[in-house]
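*Asks:* Got a structure for you, written out below as structure tokens; questions coming shortly.
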Amino acid sequence: MKSIRRFGTSDIIIPLVIFVSSFLNGGEHYAVKYLLPLMGIIFILKEKKFVLQRSHFVFIFFLFFSFVFTVLTGMANTDTVNFLLWGLFLAYVTTKAPSKAFLTQGLIVTSLLHTGILIFQWIERGALRQPSTFVNANWAAVWIAAGLYAALFMWDASGPRLRGTVSFLLAAGFFITLSRTGFLLLFMMSLIMARRLGKRGRKAVLLLLLFAVLLFALRFSRDVKDPVAFSRGKIYDAAGKMFLQRPVLGYGAAVVDDRLPHYFSGEERTYSRYSLFPRMAHSVYLESLLSFGLFGTLILGYAIYGFYKRSGYRALFLLLLFAGIFNNIEKSFSLLLLGALFLTVPTTFKREEKESYAFAVTWKKGFLPVFLISYYFMLTLLSHFFFLAGEKAMTERRLMDSFRYYYRSYRILPLNPLAAEGAVRSLLVIDQIQWDVKLALCEEILSSSAALNRQNPKIFWSQGVYYQALLHSTGLTPLKPEAHARAMQSVEQALALHGNNPRYMFLKMALLAYTTEEEAFEKTFYDLISLEPYYRNAYELMMQRTSNEELKNFCTQRIEVINNIPHSEPLNTYEKNILGFNGSLD
Amino acid sequence: MAGKRMGAPLQAPLFFEILKPLFISLKLFYLALLMGIPFVTGSVYVQHPLAPYALLLAGLLILLGFLYQKRLPFPAAAAFLFLFVAALLSPEKTLSFEYLAAFFLSFTALLVFDPADEKLLTPFLAFYSLTMACYVAFQYYVVYPSLLAQVTDPAQRAILRGMRFFGTFALPNIYSFFLMAVVLLMFMRLLKEKKSLYWIPFLVNGTMLLLTRSFIAAVLTFLMIVILALKKNKILGWGIAGAGLSLGGLFFLLTRGTESLGQSLFFRYANYVSALRIFRDYPLAGTGLNHFDLYYPLYRLEGANYVHNAHALPFQMMADLGGIGIAVLLLLGLFLWSLRKSPFFPLLMALMLHFVFDLTFYIPSVAALFWAYAGIAQKKREYTRKKGLSLPALASLFLLCAAFIPSFRYYTVNPPHPVRRMEKEARLHRERGALYSHFITMYKLNQFVDAKEKPQIREQYEEYKKIWNQ
Chain B
1 MKSIRRFGTS DIIIPLVIFV SSFLNGGEHY AVKYLLPLMG IIFILKEKKF VLQRSHFVFI
61 FFLFFSFVFT VLTGMANTDT VNFLLWGLFL AYVTTKAPSK AFLTQGLIVT SLLHTGILIF
121 QWIERGALRQ PSTFVNANWA AVWIAAGLYA ALFMWDASGP RLRGTVSFLL AAGFFITLSR
181 TGFLLLFMMS LIMARRLGKR GRKAVLLLLL FAVLLFALRF SRDVKDPVAF SRGKIYDAAG
241 KMFLQRPVLG YGAAVVDDRL PHYFSGEERT YSRYSLFPRM AHSVYLESLL SFGLFGTLIL
301 GYAIYGFYKR SGYRALFLLL LFAGIFNNIE KSFSLLLLGA LFLTVPTTFK REEKESYAFA
361 VTWKKGFLPV FLISYYFMLT LLSHFFFLAG EKAMTERRLM DSFRYYYRSY RILPLNPLAA
421 EGAVRSLLVI DQIQWDVKLA LCEEILSSSA ALNRQNPKIF WSQGVYYQAL LHSTGLTPLK
481 PEAHARAMQS VEQALALHGN NPRYMFLKMA LLAYTTEEEA FEKTFYDLIS LEPYYRNAYE
541 LMMQRTSNEE LKNFCTQRIE VINNIPHSEP LNTYEKNILG FNGSLD
Chain C
587 MAGKRMGAPL QAPLFFEILK PLFISLKLFY LALLMGIPFV TGSVYVQHPL APYALLLAGL
647 LILLGFLYQK RLPFPAAAAF LFLFVAALLS PEKTLSFEYL AAFFLSFTAL LVFDPADEKL
707 LTPFLAFYSL TMACYVAFQY YVVYPSLLAQ VTDPAQRAIL RGMRFFGTFA LPNIYSFFLM
767 AVVLLMFMRL LKEKKSLYWI PFLVNGTMLL LTRSFIAAVL TFLMIVILAL KKNKILGWGI
827 AGAGLSLGGL FFLLTRGTES LGQSLFFRYA NYVSALRIFR DYPLAGTGLN HFDLYYPLYR
887 LEGANYVHNA HALPFQMMAD LGGIGIAVLL LLGLFLWSLR KSPFFPLLMA LMLHFVFDLT
947 FYIPSVAALF WAYAGIAQKK REYTRKKGLS LPALASLFLL CAAFIPSFRY YTVNPPHPVR
1007 RMEKEARLHR ERGALYSHFI TMYKLNQFVD AKEKPQIREQ YEEYKKIWNQ
């Protein structure tokens, strides 16, 4: 109560909720993603006044500039809207001024709890590299690293024993994550320690370094068994190629997921090259350069530097910046908010400083944005629930229900391509619906979803799949010539956005099989098998289609090679699918 | 120095003195043109080809308003901006600009009328309403009998038989809105000055209101009169309430009957349910401004009537614009709330309630009255004394000019209704052999078209279905 009186309700509650959020999928749970910004908005109305620095204005300019740029260049999707709204929420968080002691203790306590969960997970599952309640282990490592740093250097009210015990426990939790990012953070922390303690703390520094090396060695030995983990270099290569295409202004907010796979050159596995596509750049800096270009990144950097200058938690924030070199830590909402919190605590407690501007908030001024934003988040939440219900119904093969839920989810938030895709997927397999209703609904859902998500190749591919289903059906002969032309257009659009996707390539091949374009069909076949030499369906389709005996023999040989692959080999699901060991991929 | 600033030369008192009578005459002419000049024309809303002239007049008034540095109040400007952006982003621009242009015509009144105009506008309306009453009598006894001999359509014949009066307006409901505004204004004047000639327009228009047999306007007028009377004198208020309830109820039962009223209420209920169902399916940003018209046949309840709007501003807004529509409603509420201290607040409240229960909001001929009195109800500003260029005034000018261009284009080009456009598209697809596109367009047409108006589309669709599925 005393703290609330001194610092203000939201200065205590917002950080508290951020700490709690780390236990809900590291902030990725809908309860955090949709309800926390809503809570912030309500607090905005509750507060009579809030103070903005120049950095806030720069940051808000950056947000709106990126948003408008993304919309105007036709790259916007659901996440673009979320980017703007969550960005504004982050800006709001940076207006808070929580007490240093509260923040430090909160960080240590939550890190300890995560450590407890990690130890439990390790015992329960019998393996290292556990993520606690985060989506991945690296994020847990970053959170605990921040806690460890706070325990070592910022915790005032503790004796050496307590500090030692807590630090040891946190280090143990850190170890269980087996994170390479964690190794880097430990290395950095030992450097800070060496600088701070000087000659006195040589042993402690040495111990920390030793621990870091041990962590790295263990992870390295794990990586040798699993070469996929070494694909990060290829991801950076893809990001580099993508960046060079648009270095100045970038691609727009929240577009990297859709576009990065196009630049990926594949990973070397025994029977496949494209079982995985990177969905993120695996570096906050690369992600920023890709999304906002040099221009946007510089503005963002300038805004953050402004906050950083007045922050009392510079070292902790640097730790997060360091962790971001090889990780997309911004994808964890909790870590992002934690970073914002680190920027809020001033070096000395002063609410108003030079170059700050106080704003009064009244219901009259605030009700409209509050209404619009809260309405949007409520719809998002509702759409999310319907989507989950649709997925559940689909798993249970309740197709009609699945369609209803997906369709309702899509209707509530037409920006979400996943709901649209789910609705079409379930619609196509339902027999009870009349053919004309089915086709018209599929057309409507897919065309409006494609119009709203112009950078999402999967939507265009889904469109192609739908037209292919129409071509495959009995009857409807008069509609087929145009449906085929539309299908080709859709698949070309999908390939223009993601040219190295074997599934898209195979769809193109399947569509060309309906035509007499032998040359194009063969070319697509060769393109496909150069991407995935073990794509069984490609060979089978070519065998059915071609009259060239040499080519037929080649296909027969390849199918034989595929048939001779022992099923006992360690194959992932994708490989099993392309080899035809797990039913068909297409 | 002040003389060199932008806008400063316009502040010379002489300039404003010269311009003032012209400005006032233009304002009244603009209103008269919207409402219809009896014996000369109907309202521009009825006489569609006249609308561009009314629009040009509105444009001129906006420019004059800018010279006086007039500005739109924030909530109303924000509501207008939302509607404008919604029209620009809507899938069927023709439908959206039909409403936006109509709204623009009436909304201009908010900018051009100010507190000083009340002294002229209320007497003008009193005189005008009496002329209108004469015109209605002339219509009833001279025009309609001759027209009855020519018209064969049963709906038109029912109107012409003079069952319900509507003057220069398009429908009795619209005329009743006008009458409600005039009756309330006259009553407010009468409460102020008892010995006044305003008794005449009050009684004449009150009678005309009953003769329109419009339930909503009559009830709202009655309620507001009771409230105003109660505020002045409790005995008078309760007396009016008792007498009005018994006599008014009896009158409505005798003239419209319970069956007609019941059917009307069922239709309203059905329209509202359909609008809410559209909203349920399009909650984010709705179907598009004025797209209720297009989507209604898809959501029409069994036994319900065929309509082109939801007959209620909130439901229409929700169906058309989803969450944005709710925001517009909130803004309108906020705007009305900001005028709560004005003596015209009860009048504005009654007019807004009429918008809520009937869709007169987009009918410029009468909605202009709401916006004109909203302009009058605002706090008096010293427009002419202000130095330099006012930013809100410039923003208001910019917003209205931006909306003027597409509105003018709509009234001059008069683009085809989406259904007619789709019919043409379907024909073209068929001629080109693009049968998949033909199927999709025909499917949409079949959904959007009013089965009662165009049963042939349904029949055509069923025939094509056999061809497509060969």
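Going down the list, the protein sequences come from chains B and C.
Counted from 1, the first sequence has number 379 at position 379 by my numbering; the numbering is strictly sequential.
Each number in my numbering corresponds to the 1-based position in the second sequence with 586 added.
Idealized CB from N, CA, C, for every residue including glycine.
If you compare alpha carbons, which of B/Thr-9, B/Leu-286, B/Gly-306 is closest to B/Thr-297?
*Replies:* The residue among B/Thr-9, B/Leu-286, B/Gly-306 with its C-alpha nearest the C-alpha of B/Thr-297 is B/Leu-286.
*Asks:* State yes or no: is the beta carbon of C/Glu-968 nearer than 8 Å to at least one beta carbon in chain B?
*Replies:* Unreliable positioning characterises C/Glu-968 in this predicted model, as indicated by a pLDDT of 46, which lies under 50. The coordinate reading is nonetheless provided below. Using a CB distance cut-off of 8 Å, C/Glu-968 does not count as an interface residue toward chain B.
*Asks:* Under the three-state reduction of DSSP, which class applies to B/Tyr-357: helix, strand or coil?
*Replies:* strand
*Asks:* Taking all protein chains shown into account, decide if C/Ile-821 is buried (16 or more other Cβ within 10 angstroms of its Cβ) or exposed.
*Replies:* exposed
*Asks:* Sort C/His-894, C/Thr-873, C/Leu-920 by Cα distance to C/Leu-674 and report the nearest one.
*Replies:* C/Thr-873
*Asks:* C/Ser-800 by DSSP, collapsed to three states: which one?
*Replies:* coil
*Asks:* Could you list which residues in chain B have their beta carbon closer than 9 Å to that of C/Ser-928, in chain order?
*Replies:* Going along chain B, no residue has its Cβ under 9 Å from C/Ser-928, so there is no contact; the nearest lies around 18 Å.
*Asks:* Can you name, in chain order, every residue of its own chain whose Cβ lies under 7 Å from the Cβ of C/Phe-878, other than the five neighbours on each side?
*Replies:* Ala-861, Ile-864, Asn-895, Ala-896, Gln-902, Ala-905, Asp-906
*Asks:* For a contact meaning CB atoms closer than 7 Å, what does B/Trp-633 contact in chain C?
*Replies:* Since the first and last residues shown for chain B are 1 and 586, residue 633 of chain B lies out of range.
*Asks:* CB-CB under 7 Å to B/Leu-343, same chain, minus the five flanking residues each way: which ones, in chain order?
*Replies:* Thr-94, Phe-307, Tyr-308, Ser-311, Phe-317
*Asks:* Roughly how many angstroms lie between the CA atoms of C/Tyr-948 and C/Tyr-997, to the nearest whole one?
*Replies:* 15 Å
*Asks:* Apart from the five residues on each side of it in sequence, which residues of its chain come closer than 6 Å, Cβ to Cβ, to B/Ala-150?
*Replies:* Taken in chain order, the residues that qualify are Thr-104, Leu-107, Ile-108.
*Asks:* How is B/Phe-50 classed by DSSP in three states: helix, strand or coil?
*Replies:* Looking at B/Phe-50 - three-state DSSP - the assignment turns out to be strand.
*Asks:* Can you check DSSP and say which residues form a bridge with B/Ser-21?
*Replies:* In the DSSP output, where bridge partners are listed per residue, B/Ser-21 has none listed.
*Asks:* When burial is assigned at 16 or more other CB atoms within 10 Å of the CB, is C/Cys-720 buried or exposed?
*Replies:* Only exposed fits C/Cys-720, as fewer than 16 other CB atoms lie within 10 angstroms of its CB.
*Asks:* Here's a check: name, in chain order, each residue in its chain whose Cβ is nearer than 8 Å to the Cβ of C/Ser-762, leaving out the five neighbours to either side.
*Replies:* Leu-795, Thr-798, Ser-800, Ile-802, Ala-803, Ala-804
*Asks:* Whose Cβ in chain B lies nearer than 7 Å to the Cβ of C/Gln-1056?
*Replies:* Gly-475, Thr-477, Pro-478
*Asks:* Using C-beta distances below 6 Å, list every residue in its chain close to B/Gly-324, excluding the 5 sequence neighbours before and after it, in chain order.
*Replies:* Cβ neighbours of B/Gly-324 beyond the five flanking positions: Val-284.
*Asks:* Comparing the C-beta of B/Ile-412 with each C-beta of chain C, is any distance below 8 Å?
*Replies:* yes
*Asks:* Would you tell me roughly how many angstroms separate the C-alpha atoms of C/Phe-984 and C/Leu-977, rounded to the nearest one?
*Replies:* 10 Å
*Asks:* Could you tell me which whole beta strand (DSSP E) segments of length 3 or greater appear in the stretch 757 to 811 of chain C?
*Replies:* none
*Asks:* What number of angstroms, rounded off, separates the C-alpha of B/Ser-462 from the C-alpha of C/Ser-1023?
*Replies:* 19 Å
*Asks:* Following the continuous alpha helix (DSSP H) through C/Met-904, name the residue where it begins and the one where it ends.
*Replies:* 899 to 924
*Asks:* Grouping DSSP H, G and I as helix and E and B as strand, with all else coil, what is B/Ser-311?
*Replies:* strand
*Asks:* To the nearest whole angstrom, what separates the beta carbons of B/Ile-578 and B/Glu-532, a pair I think is in contact under 8 Å?
*Replies:* 6 Å
*Asks:* Which residues, taken in chain order from the stretch 144 to 163 of chain B, show a beta carbon closer than 8 Å to some beta carbon of chain C?
*Replies:* none
*Asks:* Restricting to Cα atoms, I'd like to know which of C/Leu-658, C/Ala-702, C/Leu-771, C/Arg-1018 is closest to C/Lys-606.
*Replies:* C/Ala-702
*Asks:* When you compare each of C/Val-952, C/Asn-876, C/Pro-624 to C/Tyr-714 by their alpha carbons, which one comes out closest?
*Replies:* C/Pro-624
*Asks:* Rounded to the nearest angstrom, how far is the Cβ of C/Val-893 from that of C/Tyr-882, given a contact under 8 Å?
*Replies:* 6 Å
*Asks:* Decide yes or no for the touch test of the stretch 949 to 963 of chain C against the stretch 691 to 702 of chain C: beta carbon pairs closer than 8 Å, at least 3 of them.
*Replies:* yes
*Asks:* How long is the line joining the alpha carbons of C/Val-630 and B/Leu-300, rounded to whole angstroms?
*Replies:* 54 Å
*Asks:* So is the beta-carbon of C/Val-632 under 7 Å away from any non-hydrogen atom of the ligand ZN?
*Replies:* For the ligand ZN, the structure offers nothing, since it holds no ligand at all.
*Asks:* Against C/Leu-758, what residues of chain B qualify as contacts under a CB-to-CB distance less than 8 Å, listed in chain order?
*Replies:* Strictly speaking, residue 758 of chain C in this sequence is Pro, with Leu absent from that position. Those do not exist, as C/Pro-758 stays about 37 Å from chain B at its closest Cβ, beyond 8 Å.
*Asks:* When burial is assigned at 16 or more other CB atoms within 10 Å of the CB, is C/Pro-1041 buried or exposed?
*Replies:* exposed
*Asks:* With DSSP collapsed to three states, give me the class of B/Arg-269.
*Replies:* coil
*Asks:* When Cβ atoms are compared, which residues of the stretch 864 to 890 of chain C fall closer than 8 Å to chain B?
*Replies:* Asp-867, Tyr-868, Pro-869, Leu-870
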